[in-house]
Structure formats: structure tokens, C-alpha cells
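Residue numbers (our numbering): 33 to 403. We put the CB at the ideal spot given by N, CA and C, even for glycine. One structure below.
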């Protein structure tokens, strides 16, 4: 990578998997209850609408990735806007990533404390995850992507196993009447989902490592399809099993699905395995965001190596995760009410703004084949 001591490369398949991990671990935990409260039995329709609304962002990421091959957002923002304005955009993006990771660290800690170990201080979980993420981020994008390749099949199999084992408890009557209150609740739910699906924009922070650069097209399409499929399955299953009213009351609906599984008094406590695999998924997500933030800050400050920045950034993220939220109720309100607006601003806004300026100024990377 030009100017940064990071020589790793990833393939399109690996980038798609990283996109999947950047959305799913937190989305499957919180979205079912958010959507059930807003859209009731039409919560699953909100997922479909949200993914369709995310497609334009996907096309923008594809366009930027092919127009500026072998460059990350932090590099081509300076080409598009000039050095000063480009660095300003990069700093804003890094700050948004820091806030995002602080949020995920708190989500992780609150989930473990609320669902499993209520006597354990939040800080124990937060610091532990941050420390492990520092180690992972310092190893670079190749190691992160290989870890994701290992964890993803386990997570996929386990989610599908949980959903298949609760099928006897599902009732299709819970989906009716459809659109009872019109499309407005569905759109309100879709806006919440966009705060999560918009996180695919982090691909812009690693697109410079794609080999070949044209793989960005496959990365976006496959990654977004995977996100859509599993979000839809989890939300739909939660509504079918619990109904919209009960799903809306459950803070962690998918965890409740895992807890209810009991087969002949033999297969029980499956939620423990779910917890272990989910923690691995959160680790991938936090590590990737920390890595991109450190890489971006190193690019802005023109440091030759991003690794020394990982630990200080992680420490700052831990501090923010404790200071930003009073309790889990405050966190949930922030996720449901603030993140859709804030996320749209930087997840959708920054790539769109850069693409528009690049078109107007007719700027492209040196190796670009895009006219």
C-alpha cells in the first residue's frame, strides 16, 4: 500500500465475508425487536425495503473501487478533493469509525452482562475485547480476512441450525394481516435497518487491498446478498415464533430463540454455543473497524506504519464506550433513534459526496479503466 507499511491483499470472496461480519453480528441481536416495535408483523418487509435502499450505496462503492483501484477512501479522497479537504473528510471518517467501535464494544458488553453474567463489570468485557482486537488489527487485513473465513461457516451453520430447530414453534398466522397500518411503519422500520446495512461502506476503507481491484463488484453484491438473506431469516423467524408483540418486548430475540431449544432433554443450553460463535463474530467486526481507523489515521498523518496507532485508538474507544451511554436503555434508544440519522450521514453521505465530486471534476486513479 503506497505510503503505508501494509502489503496484504484480499480476494473478493474475503472482502464479501468481511462486509457480512461488519453488519450481521450486531444487527441480528438488536434489529428484530426494533423492527417489531415499528413495523409489527411487517418487520420482515422492512428488511427487504432497507436492502433495496442500500443498493445505491453498493453501486457507489463499486464505482469508486473500480475508478480508484489499489486505493482506499483515505487516499482517493485527497485525489478527488485536494489534500486539505481530503484529509478533513478522512479525519471525519476515522472519528465516525471510532464512535462506531465504541458503540459495538458497549453493545457487546451490555449483551454479555444482561444475558449471561450480570455480576461482571462492563469494563472487563470491553477491555478484553479491545485488547484482543488490537492484536488482530496489528496483524493486518490478510489475517483478519482469514479469521473471518474460518468463523463464517461456523456462524452460518449455527444460525441455520437454531432457526431450523425452532420451526415447530413457528406460526404463519403471526405475519397477518399484512400492511395492516399501511406502508409508513414499514418505511420507519427500514430507516432503522439502514443504520446497520450502511456499514457496508467500510469496504471503501479496504478496497485498495482487493486483488484484482475489479473484485469489488463481487464483494459488494455477494456481501449485501448475504446480509439480506440472514437478516431476513432472523427477523422472519423471530416474528413467526414469538409474534410481533413479544418480539418487540424481547431485547435479544435471537438469543431467546436459542434458549428455547430443547430436544428430548438431550440437546439443551445451545445458547452457550451461540454466545461463543457470536463473540467470535463481534471480534471480527471490532478488529476490522479498528484496523481501518488506524490505517486511515496513519494515511492522514502520513505515518509509515499504522500499527503503533492501534492500541491508543482502542483505549480511546473503550473510554468512549463507557462515557457515551448511561445504561442499556440509553444504548437501545441511541441505536434505534440516533444511529439511523448519524449512520446515513457518514455511511451513505461520504461515499456519495466523493463519487459526485469525482464525476464533476472527472478525476480517476492512475490505473483506472473507467472512462
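Beta-bridge annotation (DSSP): residue 363 is not paired with any residue. The beta-bridge partner set that DSSP reports for residue 242 consists of 42. Taking the CA atoms as reference points, residue 55 sits about 28 Å from residue 389. Our two residues, residue 357 and residue 394, have alpha carbons roughly 44 Å apart in a direct line.
Residue 358 sits in coil when the DSSP states are folded into three classes, being neither helix nor strand. Counting other Cβ atoms within 10 Å of its Cβ, residue 155 stays below 16 and is therefore classed as exposed. Assignment of residue 213 by DSSP, reduced to helix, strand and coil, places it in the coil class. Bounds of the alpha helix (DSSP H) holding residue 281 are 248-281.
For residue 271, the closest alpha carbon among the candidates 49, 229, 51 and 64 is that of 64. Assignment of residue 336 by DSSP, reduced to helix, strand and coil, places it in the coil class. When C-alpha distances from residue 70 are compared across 177, 334, 341 and 278, the shortest belongs to 278. Rounded to the nearest angstrom, the Cβ distance from residue 383 to residue 236 is 6 Å, consistent with a contact under 8 Å.
Residue 341 has its alpha-carbon roughly 32 Å from the corresponding atom of residue 146.
Burial check for residue 281: the Cβ neighbour count within 10 Å stays below 16, so the residue is exposed. Looking at 345, 44 and 239, the one whose alpha-carbon comes closest to that of residue 134 is 345.
With a beta-carbon spacing of about 7 Å, residue 108 and residue 397 fall inside the 8 Å limit used to define contacts. In the structure shown, the three-state DSSP call for residue 187 is helix.
Assigned with DSSP and collapsed to three states, residue 116 falls in helix.
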